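In what follows, a structure is listed as structure tokens, so that the remarks can point back to it.
Chains as they are written, first to last, in the numbering used here: chain X, 1 to 146; chain R, 1001 to 1666.
So, in structure tokens, the structure goes:
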């Protein structure tokens, strides 16, 4: 008898946790794409929550310090020189600039792709230099064992 | 020095192999001298690794930029304390530091068990040395820390500015200590499984180690939160970032184990479960290290992809195979002798606590690896962020808070209605009153009201327990109240230390509820002389100036803080530029009080327009989270104090030793 009730209890707990995880993922998940993957199929994500990785295009950053508004074009990682001619996505963001934000930097933006026009970003994360491992200059590449 | 360090690592690698082979061989052939030789080798491994650590520290302090590690993680202008912290600031150094701590613990374990646990110890030695061997192997083959460059750079590229903070100097060591000490209970579990000595001996020997591990894991997580709060400048302390999750998941399972082990001690139940939790906790520490170093999951503050991932994964899989294989092999011997009697019993409450903790661990794990899983299964990367974790872990946390009140005082076996009424009437009333009070004051955030009511309830139970215990001693032994309280705790440090930990947990919940549900956040650009309201404060921006030294150049804004039209403080948030890395960072200005924290970030300064952009946070009850954290680690210290029985046994052993010594000298 006690054993049956025990298993019933376990079932309830496992069920509850499973339910929480299931609904949690359904309601809060975001698609994570690079900008190259996103652009060809962008219409599929209209009004969806997405997280995009890309590079801030040179010359595209507009910062309005008075209203704390940031706007820039998110473009692909490659082909630095032709950045201006490549298609990108306009990102609008209300808030202060992250420390590492600058033109030509790799960023991850999270937000909603609204009306098939621009991405209204909730968060902007800057990527590369915040890692512990520094990039090795080419001259340092030849390391020798002691 | 670096040659010596490299040599010491080579030697340690060979000695660790020797230690594994001789202990296992000696155990299987019952050769005392082989086993003893294995232990000596384990000591020697520790010595060698210590030499290597000293060598790397020496290179860092003497600024030997020819060493690749030194030039990558320090600079000539880096202050001394951060130069030392650079030892664990980078991949290679942190692996070396990890190995050092592991061998240090191995040494302590061997010293502690010199004349004890004869059958278990060879397997403990072997397990610890296999783990050490894995890390030494990485240091030996993959990431040699003493690698030299073909030329000597003039200057190093400096430690990451985010790590140049005093919290960061103590947070990683604390976390590493927690991670690494989890391998001691694991080693004893392996030894128990290997020898079939599955009684209470290994549990008793490792209980304190489990507490030590838990203590450091807790401290590491709290310090990490504090670091994030002060340094990252987003107004919060916990973002459910993969790296943070990697540290909290083993904490969940370790906490579960600390509770379920009591059921094994008292009722001889849950033996398999406990074994599984020990194995799981250790595996999760390895998984956590894997997560932070492999680059499999992108995180704001992880090490870059370093090719270490496959090695960690292989080690993890092998370890799980061996551990679970042994567990499966011993399964028949681990069957429980007792069963659960009633759902209204302490056993049931503890069981539920365990399920919820493991549920928390699982949910957090699931959310963390979900991007990888979804890419495998569906071909698209789907991420979940803090909303997911808050949504799932929030309700589970509330169940745990409720259990914090119920578990320690509900009767064993089967609680009668009478005992339930006697134990719970007062605390339930306190909880209900708290809730009603908040409702009457006009609060309508039900999530918060539930947390505050439950906090009231749990506080009620804890106070009642202390009160009852103290009063009983006063009545029976005629002790004064402070004396009675002190003796009460020292007679039963585990129980009352546990209550102090629970008290800390309640305060942490209060801090979390206050700062997440009633946070005020503002972003605004101001000209000098302009003001803004934030909660009960009024802020006036008065101006900005530059400050320079050889290491940092910064812009310092000056903000006057008014409360009820009284000038109470002047805060100075900064924007810093660390010259070596040319990386701008924010230096938060913080004004903590017990009621709320005023948290000020200088976002940007636009010289052309004269606008300074601020981010302002008012975080109510935030301080209680840190106070709770301090109480929690203090409580953990109390639980580790020896019980009167242990003190007595120790004194007895001591006097016998002295007596023996005297007979010899006489």
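Yeah, the Cβ is synthetic: ideal placement off N, Cα and C, and Gly gets one too.
Values in this document were obtained by computation on a predicted structure and should not be read as measured data.
For residue 1630 of chain R, list the residues DSSP reports as bridge partners.
The sequence position of residue 1630 of chain R within the second chain is 630, counting from 1. Paired residue(s): none; residue 1630 of chain R is not in a bridge.
Decide if the region 1009-1018 of chain R is in contact with the region 1137-1153 of chain R; the criterion is three or more beta carbon pairs, one per stretch, under 8 Å apart.
With contact defined as three or more Cβ pairs closer than 8 Å, the region 1009-1018 of chain R and the region 1137-1153 of chain R are in contact.
Backbone CA spacing between residue 1487 of chain R and residue 1533 of chain R [nearest angstrom]
Taking the second chain and counting its residues from 1, the one referred to as residue 1487 of chain R is at position 487. Taking the second chain and counting its residues from 1, the one referred to as residue 1533 of chain R is at position 533. Their Cα atoms are separated by approximately 51 Å.
If I measure Cβ to Cβ from residue 1489 of chain R and keep anything under 6 Å in the same chain, skipping five residues before and after, which residues do I get?
Position 489 of the second chain, counted from the start, is the residue given in the question as residue 1489 of chain R. If we look at residue 1489 of chain R and ignore the five residues flanking it on each side, its Cβ neighbours are 1496.
Short Cβ contact (8 Å threshold) for residue 1596 of chain R with residue 1621 of chain R
Reading the second chain from its first residue, position 596 is the one you call residue 1596 of chain R. Reading the second chain from its first residue, position 621 is the one you call residue 1621 of chain R. Contact: yes.
Let's test the definition: count the other Cβ atoms within 10 Å of the Cβ of residue 1412 of chain R and tell me whether it reaches 16, buried, or not, exposed.
Your numbering for residue 1412 of chain R matches position 412 in the second chain. So residue 1412 of chain R counts as exposed.
Mind pulling the chain R residues with CB within less than 9 Å of residue 97 of chain X?
Here residue 97 of chain X is taken as the residue at index 97 of the first chain, counted from 1. Simply 1603, 1604, 1613.
What do you get for residue 1232 of chain R, buried or exposed, if any count of 16 or more other CB atoms within 10 angstroms of its CB means buried?
To locate residue 1232 of chain R, count along the second chain from 1; it is residue 232. Taking every protein chain shown into account, the CB of residue 1232 of chain R has 16 or more other CB atoms within 10 angstroms, so this residue is buried.
In chain X, which residues lie with their C-beta within 9 Å of the C-beta of residue 1388 of chain R?
Locating residue 1388 of chain R in the second chain gives position 388, counting from the first residue. Residues of chain X passing the Cβ test: 21, 24, 25, 27, 28, 29.
From the DSSP output, read off the bridge partner residues of residue 1382 of chain R.
Walking along the second chain from the start, residue 1382 of chain R turns up at place 382. Residue 1382 of chain R is bridged by DSSP to X/31.
Which term fits residue 1648 of chain R, buried or exposed, when burial requires 16 or more other beta carbons within 10 angstroms of its beta carbon?
Within the second chain, residue 1648 of chain R is the residue found at index 648, counting from 1. With a threshold of 16 other beta carbon atoms within 10 Å, residue 1648 of chain R falls short and is exposed.
Mind checking residue 1020 of chain R: buried by the 16 CB within 10 Å criterion, or exposed?
Numbered from 1 along the second chain, position 20 holds the residue referred to as residue 1020 of chain R. With 16 or more other Cβ atoms within 10 Å, it is buried.
Residue 51 of chain X to residue 1205 of chain R span [Cα, whole Å]:
Against the first chain, residue 51 of chain X aligns to sequence position 51. Against the second chain, residue 1205 of chain R aligns to sequence position 205. Taking the straight line joining both Cα atoms gives about 49 Å.
Measure the alpha-carbon distance for residue 1200 of chain R versus residue 1036 of chain R and round it to whole angstroms.
For the purposes of this step, residue 1200 of chain R is taken as residue 200 along the second chain, with counting starting at 1. For the purposes of this step, residue 1036 of chain R is taken as residue 36 along the second chain, with counting starting at 1. Across the structure, residue 1200 of chain R and residue 1036 of chain R are spaced so that their CA atoms are roughly 25 Å apart.
Excluding the 5 residues preceding and the 5 following residue 1057 of chain R in the sequence, name in chain order all residues of the same chain whose CB lies nearer than 8 Å to its CB.
Here residue 1057 of chain R refers to the residue found at position 57 when the second chain is read from its first residue. Excluding sequence neighbours, residue 1057 of chain R sits near 1084, 1087.
If you measure from the beta carbon of residue 45 of chain X to each beta carbon in chain R, is any gap under 8 Å?
Here residue 45 of chain X refers to the residue found at position 45 when the first chain is read from its first residue. Taking Cβ atoms only, chain R never reaches closer than 8 Å to residue 45 of chain X, which makes this a no.
Specify, as a first and last residue, the run of the beta strand (DSSP E) that residue 1142 of chain R falls within.
Sequence index remark: in the second chain, residue 1142 of chain R carries index 142 (1-based). Per DSSP, residue 1142 of chain R lies in no beta strand (DSSP E) segment and is marked neither H nor E.
Which of the three DSSP states, helix, strand or coil, is assigned to residue 1548 of chain R?
Against the second chain, residue 1548 of chain R aligns to sequence position 548. Assignment of residue 1548 of chain R by DSSP, reduced to helix, strand and coil, places it in the strand class.
Spell out whether any CB of chain R is found under 8 Å from the CB atom of residue 100 of chain X.
Working through the first chain from its first residue, we reach residue 100 of chain X at position 100. With respect to chain R, the C-beta atom of residue 100 of chain X has a partner C-beta closer than 8 Å.
Do residue 1100 of chain R and residue 1053 of chain R have their CB atoms nearer than 8 Å?
Counting from 1 along the second chain, the entry for residue 1100 of chain R is found at position 100. Counting from 1 along the second chain, the entry for residue 1053 of chain R is found at position 53. Going by beta carbons, residue 1100 of chain R and residue 1053 of chain R fall inside the 8 Å limit.
Which residues in chain R have a C-beta closer than 8 Å to the C-beta of residue 66 of chain X? List them in chain order.
Locating residue 66 of chain X in the first chain gives position 66, counting from the first residue. Chain order gives the chain R residues near residue 66 of chain X as 1525, 1609, 1611, where near means a beta carbon separation below 8 Å.
By the three-class DSSP mapping on this structure, what secondary structure does residue 1203 of chain R have?
Residue mapping note: residue 1203 of chain R aligns to position 203 of the second chain, counting from 1. Residue state for residue 1203 of chain R is assigned as helix, using DSSP reduced to three classes.
What number of angstroms, rounded off, separates the C-alpha of residue 1303 of chain R from the C-alpha of residue 1150 of chain R?
Position 303 of the second chain, counting from 1, holds the residue named residue 1303 of chain R. Position 150 of the second chain, counting from 1, holds the residue named residue 1150 of chain R. Interpretation of residue 1303 of chain R is limited by its pLDDT of 46, a score under 50 that renders its predicted location unreliable; the figure taken from the coordinates is listed afterwards. Looking at the two C-alpha atoms, the distance is approximately 25 Å.
Applying the criterion that 16 or more other CB atoms from any shown protein chain within 10 Å of the CB defines a buried residue, is residue 1029 of chain R buried or exposed?
Working through the second chain from its first residue, we reach residue 1029 of chain R at position 29. It counts as exposed.
For a test of the three-state rule: what should DSSP assign to residue 63 of chain X, helix, strand or coil?
Locating residue 63 of chain X in the first chain gives position 63, counting from the first residue. Three-state result, residue 63 of chain X: strand.
Limits of the unbroken beta strand (DSSP E) element including residue 1244 of chain R
The count along the second chain starts at 1 and reaches residue 1244 of chain R at position 244. Run containing residue 1244 of chain R: none in the beta strand (DSSP E); it sits in the alpha helix (DSSP H), 1242-1267.
Given a cut-off of 8 Å on the beta-carbon distance, is the pair residue 72 of chain X and residue 55 of chain X in contact?
If you number the first chain from 1, residue 72 of chain X lands on position 72. If you number the first chain from 1, residue 55 of chain X lands on position 55. No, the pair does not count as a contact, with Cβ atoms beyond the cut-off.
Please confirm if residue 1408 of chain R has its CB atom under 8 Å from at least one CB of chain X.
Position 408 of the second chain, counted from the first residue, corresponds to residue 1408 of chain R. Put simply, the CB of residue 1408 of chain R is far from chain X, with every gap to its CB atoms at 8 Å or more.
Residue 1577 of chain R (DSSP reduced to helix, strand or coil):
Position 577 of the second chain, counted from the start, is the residue given in the question as residue 1577 of chain R. Residue 1577 of chain R carries a strand assignment under DSSP once its states are collapsed to helix, strand and coil.
Complete alpha helix (DSSP H) runs within the region 1403-1457 of chain R (minimum length 4 residues, chain order)
Taking only runs of at least 4 residues, the alpha helix (DSSP H) segments lying wholly in the region 1403-1457 of chain R are 1417-1440.
For the candidate residues R/1156, R/1066, R/1103, whose alpha-carbon lies nearest to that of residue 1147 of chain R?
Numbered from 1 along the second chain, position 147 holds the residue referred to as residue 1147 of chain R. Ranking the options by Cα distance to residue 1147 of chain R, first place goes to R/1066.
Between which two residues does the beta strand (DSSP E) carrying residue 1310 of chain R extend?
What you label residue 1310 of chain R is simply residue 310 of the second chain in a count that begins at 1. First-last for residue 1310 of chain R: 1309-1329, but that is the alpha helix (DSSP H), not the beta strand (DSSP E).
Residue from R/1403, R/1235, R/1289 with nearest C-alpha to residue 1248 of chain R
The residue you call residue 1248 of chain R lines up with position 248 of the second chain. Closest option to residue 1248 of chain R, Cα to Cα, is R/1289.
If contacts are defined as beta-carbon pairs under 8 Å, then residue 1606 of chain R and residue 65 of chain X qualify, I think. What distance do you get, rounded to the angstrom?
What you label residue 1606 of chain R is simply residue 606 of the second chain in a count that begins at 1. What you label residue 65 of chain X is simply residue 65 of the first chain in a count that begins at 1. About 4 Å; that satisfies the 8 Å criterion.
Residue 96 of chain X in three-state terms, based on DSSP:
The residue given as residue 96 of chain X occupies position 96 in the first chain. Coil at residue 96 of chain X, not helix or strand.
Quick one: residues in its chain with C-beta nearer than 6 Å to the C-beta of residue 83 of chain X, no 5 flanking neighbours on either side, listed in chain order?
On the first chain, position 83 is the one that residue 83 of chain X refers to. Model confidence at residue 83 of chain X stands at a pLDDT of 47, short of 50, so the residue's coordinates are unreliable and nothing is read from them.
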